[in-house]
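Residue numbers (the working numbering): 380 to 550.
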Amino acid sequence: MDNLNAIVAVYEDWGIGDGCTQQVVIPEDRKYFQQLTKGNVIVVGRKTLADFPDGKPLPDRTNIVLTTQDIKIEGAIVVHSLDELFEIIKDMPKVFVVGGASVYNQLLKYCERVYITRIYTSPKSESFFPNLDENFNWSCEEFGDAKVYNGIKYRFCEYETYDISKNIRKL
Ligand SMILES: NC(=O)c1ccc[n+]([C@@H]2O[C@H](COP(=O)([O-])OP(=O)(O)OC[C@H]3O[C@@H](n4cnc5c(N)ncnc54)[C@H](OP(=O)(O)O)[C@@H]3O)[C@@H](O)[C@H]2O)c1
Numbered sequence: 380m381d382n383l384n385a386i387v388a389v390y391e392d393w394g395i396g397d398g399c400t401q402q403v404v405i406p407e408d409r410k411y412f413q414q415l416t417k418g419n420v421i422v423v424g425r426k427t428l429a430d431f432p433d434g435k436p437l438p439d440r441t442n443i444v445l446t447t448q449d450i451k452i453e454g455a456i457v458v459h460s461l462d463e464l465f466e467i468i469k470d471m472p473k474v475f476v477v478g479g480a481s482v483y484n485q486l487l488k489y490c491e492r493v494y495i496t497r498i499y500t501s502p503k504s505e506s507f508f509p510n511l512d513e514n515f516n517w518s519c520e521e522f523g524d525a526k527v528y529n530g531i532k533y534r535f536c537e538y539e540t541y542d543i544s545k546n547i548r549k550l
């Protein structure tokens, strides 16, 4: 889907989190996330939503929460399946998948672009993002300059897919 993107911060081993949270946070990465997603649509799993400030949807953007549960979430659109999600986002201009691991894993194949903050440290992770450097369907098109925060190197990268079959839903 050409309106679908993902945004993620990955550690050296492509780990993205331990328990419900990110172990190492780079403040400029949080700002970058805000800049890219504000005014747009984000798709988030119910568990990652719980790790947002106060466990609430983020302001200034449309929040779509995936859950199998029959719940209402103030300030968010709740969907219960990928079919329901695709129906809702099909005419939206720009949509960002913001995690967590299970949501990235299900939606990566429909994404056009992935905004990845590479953080060069390897805390113990329980959740991982697929390693796009080992996936022939993806190439790194933007490889930002290295920056350093608290002695930890990081950079902003953008990956694009080559996979022309991504628009075809495999039923
Ligand atoms: N580094 C990063 O940039 C980043 C970003 C986001 C998250 N994370 C990390 O990711 C980890 C959390 O990932 P996770 O996989 O455990 O949880 P998650 O993907 O955030 O949420 C999983 C939940 O989403 C719902 N769900 C997922 N797919 C669905 C579908 N097709 N239909 C209906 N509901 C669906 C289910 O909710 P119900 O159980 O309610 O049915 C499921 O239990 C944490 O460690 C977090 O820190 C990292």
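The beta carbon of each residue, even a glycine, is placed where N, CA and C say it ideally should be.
For residue i versus residue j, is the C-beta distance shorter than 8 Å?
i	j	result
Y499	K469	no
G478	G418	no
L486	V476	yes
Quick check on DSSP: helix, strand or coil for residue i?
i	result
N382	coil
N484	helix
D397	strand
F427	Per the sequence presented here, residue 427 reads as Thr, with Phe not at that position. Note: T427 maps to helix in three-state DSSP.
A388	strand
K526	strand
T447	coil
I547	In this predicted model, I547 has a pLDDT of only 47, less than 50, meaning its place in the structure is not dependable; the value taken from the coordinates is given anyway. Looking at I547 - three-state DSSP - the assignment turns out to be coil, as it is neither helix nor strand.
Using a Cβ-Cβ cutoff of less than 6 Å, which residues in the same chain neighbour residue i once the five nearest sequence positions on both sides are dropped?
i	result
L464	V458
W517	L511, Y538 and T540
M380	Y489
D408	A388 and T496
Express the C-alpha separation of residue j and residue i in angstroms, rounding to a whole number.
i	j	result
V403	L461	30 Å
I450	V444	10 Å
N382	I456	18 Å
S501	D392	6 Å
A388	T427	14 Å
P436	V474	15 Å
Y483	I467	18 Å
I395	E453	27 Å
D430	N442	14 Å
F515	C399	30 Å
T446	V422	11 Å
In chain order, what residues of the same chain have a beta carbon less than 7 Å from the beta carbon of residue i, not counting five sequence neighbours either side?
i	result
C536	I495, R497, C519, E521, F522 and G523
M471	N382 and V420
V527	none
S481	G424
Return the chain-ordered list of same chain residues with a C-beta closer than 8 Å to the C-beta of residue i, the five sequence neighbours on each side being excluded.
i	result
G434	L428
D439	K417 and G418
Q: Count the CB pairs spanning the segment 404 to 424 and the segment 501 to 508 that are closer than 8 Å, and state whether there are at least three.
A: no
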